[in-house]
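According to the numbering used here, numbering within the sequence shown proceeds without interruption in unit steps and concludes at 403. These notes concern the structure reproduced below.
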Amino acid sequence: MEELLRIENLCREFNTDSGVQRVLNDINLTIYKGDFTVIMGSSGSGKSTLLYALSGMDTVSSGHIWLGDTDLASLSGDKMALFRREHCGFVFQQICLVNSMSVLDNVMAAGLLLKGNKKELAARAKELLKSVEVEEHTWSKFPSQISGGRAQRVGIVRALINSPDILFADEPTGALNSQTGKDVLDLFTKFNEEGQSVIMVTHDLKSAIRGNRVLYLRDGKILDECDLGKYDGNNEERAEKLNSFLGEMGW
Ligand SMILES: Nc1ncnc2c1ncn2[C@@H]1O[C@H](COP(=O)(O)OP(=O)(O)OP(=O)(O)O)[C@@H](O)[C@H]1O
Ligand SMILES: [Mg+2]
């Protein structure tokens with residue numbers, strides 16, 4: 153297994169009215185290339201905070217996040233933004249497309265700063281949109297004119313436009329109905345099968361069983377993990393295994 157991220161003694165503290173709150177408490181963890189890693193844990197356990205730290209969306213208080221020779225925890229400002237653009241893609245629960253831009257422009261804008269060749273970028277954006285079955289006749293529409301499920305598929309494409317090392321997702325199906333949620337999960341599975349490393353936070357068992365490795369977070373620490381093996385479509389068996397693990401975790 154090839155190492156993707158090595159997380160050492162990671163801490164994140166927030167200053168609150170009632171004093172300093174330690175939300176990530178000395179996390180040590182290795183994430184591997186090609187894995188579909190899932191982070192679970194009760195509300196407030198620090199899942200999103202961890203995801204934001206690993207994706208360079210937020211700073212940390214102490215510790216290291218190694219991606220190759222770069223310690224993401226040591227970057228700030230423009231350097232962090234550039235690193236994030238080059239290496240990380242992010243899919244949110246609330247689909248954050250720019251409403252004043254067309255579907256195609258939304259995807260291209262995410263890649264524009266990095267890749268100078270506009271023609272190549274447009275070709276890649278179109279190819280990606282086709283691969284998630286966002287049809288050509290919707291490319292010139294605005295996000296408000298397409299369905300939520302389709303918008304989330306555009307969001308996934310936008311996250312993948314720069315061929316990120318890691319695709320991060322925080323509750324990507326949280327705002328979708330069950331059929332469109334399944335479609336989105338199928339896409340995560342498809343891209344992971346093609347080699348895309350994924351790290352996803354979820355509360356949802358149906359989403360979590362797509363991962364091969366489920367980490368359980370409690371009070372800002374990784375309590376334990378469950379190895380499900382690569383997704384094989386055997387939903388019932390996987391759900392049973394994960395359920396029993398979550399039971400042990402007191403979920
Ligand atoms: N910017 C902030 N300032 C102060 N406290 C924060 C901040 N962000 C998060 N927290 C606190 O950190 C803790 C963990 O938050 P986080 O959002 O990571 O939890 P979570 O596991 O993602 O929860 P949920 O499942 O509800 O999304 C919470 O107690 C939250 O109030
Ligand atoms: Mg959260």
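Idealized CB from N, CA, C, for every residue including glycine.
In the DSSP assignment, residue 373 falls within the beta strand (DSSP E) that extends over 373-379. In chain order, the residues with a C-beta atom nearer than 5 angstroms to some heavy atom of ligand 1 are 166, 175, 195, 196, 197, 198, 199, 200 and 201. Looking at the backbone, the Cα of residue 324 and that of residue 300 are separated by about 12 angstroms. Residue 197 places its beta carbon 7 angstroms or farther from that of residue 390.
Annotated three-state conformation of residue 349 is strand, per DSSP. If you look at residue 216, you'll find it in the beta strand (DSSP E) that goes 214-219. Secondary structure in the stretch 171-217: the alpha helix (DSSP H) runs of 4 residues or longer, each lying completely within the stretch, are 199-206 in chain order. Beta-bridge partners assigned by DSSP to residue 167: 172. In the DSSP annotation of this structure, the continuous segment of the beta strand (DSSP E) that includes residue 242 starts and ends at 240-243. Here residue 360 is buried, its C-beta having at least 16 other C-beta atoms within 10 Å. By the neighbour-count definition (other C-beta atoms within 10 Å, threshold 16), residue 342 is an exposed residue. Residue pairing from DSSP places residue 160 in a beta bridge opposite 216.
Around the C-beta of residue 166, fewer than 16 other C-beta atoms lie within 10 Å, and the residue is accordingly described as exposed. In this structure, residue 303 and residue 243 do not form a Cβ contact; the two beta carbons are roughly 11 angstroms apart against a cut-off of 8 angstroms. In the structure shown, residue 321 adopts extended strand secondary structure according to DSSP, grouped into three states.
Secondary structure in the stretch 233-300: the alpha helix (DSSP H) runs of 4 residues or longer, each lying completely within the stretch, are 255-264 and 270-283 in chain order.
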